[in-house]
Amino acid sequence: MPLVFVHGVANRQDDDEQRRAYRRNQEIRDALFLKYVLERAGSLPASRQIFNPFWGSAGAVANLSYLPQVGVEGLGGEDVVGEILAQNPLIVQGSGTQKLLVETARNGSLEQAIDLLWSIATVEVPAQKLAGLASQAFTLSEYARKNPKPDWLAVVKDDEAFLRELFDRTRFLETDSPAAGEVEALGTADVPNEFDEALSRIQEAALNLASQKLLDLARTSLQRMVTLFFGDVFVYLDDRGSKAQPGKIIQAISQQLDKALALRTANDPLIVVAHSLGGIITYDLLSYYRPEIEVDAVVTVGSQLGMFAVQKLFKLQEDQPELTLKKPENVKKVWLNVFDPTDALSFATKDIVAGVEDLSYSSGVSFFQAHGAYFVRPSFYDRLGERLVKIFAGQGGG
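Numbering (full-length UniProt numbering), first residue to last: 1 to 398.
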């Protein structure tokens, strides 16, 4: 089951730091796609390949020196953790450094606490350990799905007790992935070192960063993303080219899509997942530039399909502005459009693009970070994988 991921705005590899960040995001994303979606769907191992076309180098110039500087001193790895904590409204409001996971689970959900734990635990984990951690996270997700508000949650006193209780409750659940054995465990409840160390990272970052600094970090990240969002949109619309001479962005994605297409069979459907502007590019590519390509499922996430359709910005609408848009016929099974109500840059498609099914997903993070939060949360992959498995089994959608 090949999968093509089309990234959205603000992805760059202009220097070593950006290249490391892009590669890290891809490694984490791939590990979760493999465990929660491709393995779960029962696809053949040889076809479980993920293609990640990179088009950011053809986007807007990423010189952001004109953005206001908030003067937050860098804290190394804890700076990254601080940004993650800033995504959680509970933490911005303040809930004590020893009970951040507990309060997230109580006031939000157990799934959201697991999402937070995963995000912190994977900050500095080597790439070769991500598959094992993803297997552990999948086991936790299964438990959370069946026990959204377990009785023990009301009595645990702090995050350390929460973590050990959670792993104690899940240690007897079977995992079908040998990679799970690669994660080193400790303590009576077999808590993996990486998750246990996440506790100290959370506490240190919460102590070192005041709430205002957390907000400053979130605001800086939001400003960068919004600035590059508009820049990338303008560049794409101006340079996407004609069917005979498509632009660089269309070409980059089209080439990787052809490679994935070679792995598509009756038993191994081809999935395209596209984030933000990547969803717009994917619609243009499948409906106008490459209508001969057949894919089985498209999932647009945090995208602007509805808005672009209403504003008549798709390539199909250049010569046919009154055209009613619909799911392209070469998308054989389903087109899902996932949006977070908190994400100001994601839009629904109901009554605008016929045949596209809207799905709401709440990340539980603040509006500052909602647009980039989908692909760092195990709960997102868990729900997406569950939905796609049912669709391919003929139980819904399409």
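For glycine and all other residues, C-beta sits at the position ideal for the given N, C-alpha and C.
All of these numbers come straight from a predicted model, not from anything done at the bench.
A distance of 8 Å or more separates the beta carbons of Q311 and Q203.
V334 is positioned such that its CB atom lies no closer than 8 Å to that of I281.
For the segment 293–330, the continuous alpha helix (DSSP H) assignments of 4+ residues that do not extend past its boundaries occur at 305–310, in sequence order.
Within the segment 250–277, the complete beta strand (DSSP E) segments at least 3 residues long are 271–275, listed from N- to C-terminus. A check of alpha carbon separations from Q320 across A297, D239, T104, Y288 identifies Y288 as the nearest. Secondary structure at F367: coil, using DSSP grouped into helix, strand and coil. Taking L44 as the centre and dropping the five residues before and after it, the same chain places the C-beta of M1, N267, D268 closer than 8 Å to its C-beta, in chain order. The Cβ atoms of T139 and T170 lie closer than 8 Å to each other.
Ranked by how close their Cα comes to the Cα of Q304, the residues F229, A297, D296, S242 have F229 in first place. Under DSSP, E357 takes part in a beta bridge, and its partners are L336. Apart from sequence neighbours up to five positions away, the residues of its chain that approach T342 with a beta-carbon distance below 6 Å are F367, A370, ordered along the chain. If you look at F5, you'll find it in the beta strand (DSSP E) that goes 3–6. Here DSSP, grouped into helix, strand and coil, assigns G59 to coil.
Residue range 110–121 is occupied by the alpha helix (DSSP H) that includes Q112. For S135, the closest alpha carbon among the candidates D284, Y36, R383 is that of Y36.
According to the DSSP assignment, P378 belongs to the alpha helix (DSSP H) that extends over 378–392. By the criterion of at least three beta-carbon pairs nearer than 8 Å, the segment 245–258 is in contact with the segment 47–60. Of the residues L285, T265, V273, the one whose Cα lies closest to the Cα of Q245 is L285. In the pairwise beta carbon analysis, the segment 139–150 is classified as touching the segment 108–116: at least three pairs are separated by under 8 Å. Per DSSP, the continuous alpha helix (DSSP H) segment holding I28 begins and ends at 16–33.
If you draw a straight line from the Cα of R240 to the Cα of D382, it comes to about 34 Å. When the Cα atoms are used, D16 and E322 turn out to be separated by approximately 46 Å. In the structure shown, the three-state DSSP call for G279 is helix.
Between L270 and V295, the C-beta gap is smaller than 8 Å, which places the two residues in contact.
For the pair F234 and F5, the Cα-to-Cα distance works out to about 22 Å. Residue burial is scored here from C-beta neighbours: D351 has fewer than 16 other C-beta atoms within 10 angstroms and is therefore classed as exposed. DSSP places F51 in the strand class (E or B) of the three-state scheme. In the three-state reduction of the DSSP assignment, P246 falls in the strand class, which pools E and B. Per DSSP, Q128 lies in no alpha helix (DSSP H) segment and is marked neither H nor E.
Taking C-beta atoms as the reference points, V155 and V102 fail to come closer than 8 Å. Around R377, the same chain offers D115, S363 as residues with beta carbons nearer than 7 Å, after the five sequence neighbours per side are excluded.
Here the alpha carbon of A60 sits roughly 27 Å from the alpha carbon of P291.
Of the residues K243, Q128, L384, the one whose Cα lies closest to the Cα of L359 is L384. In the same chain as T324, and ignoring 5 residues on each side of it, the C-beta atoms closer than 7 Å to its own belong to A354, in chain order.
Residue state for G372 is assigned as helix, using DSSP reduced to three classes.
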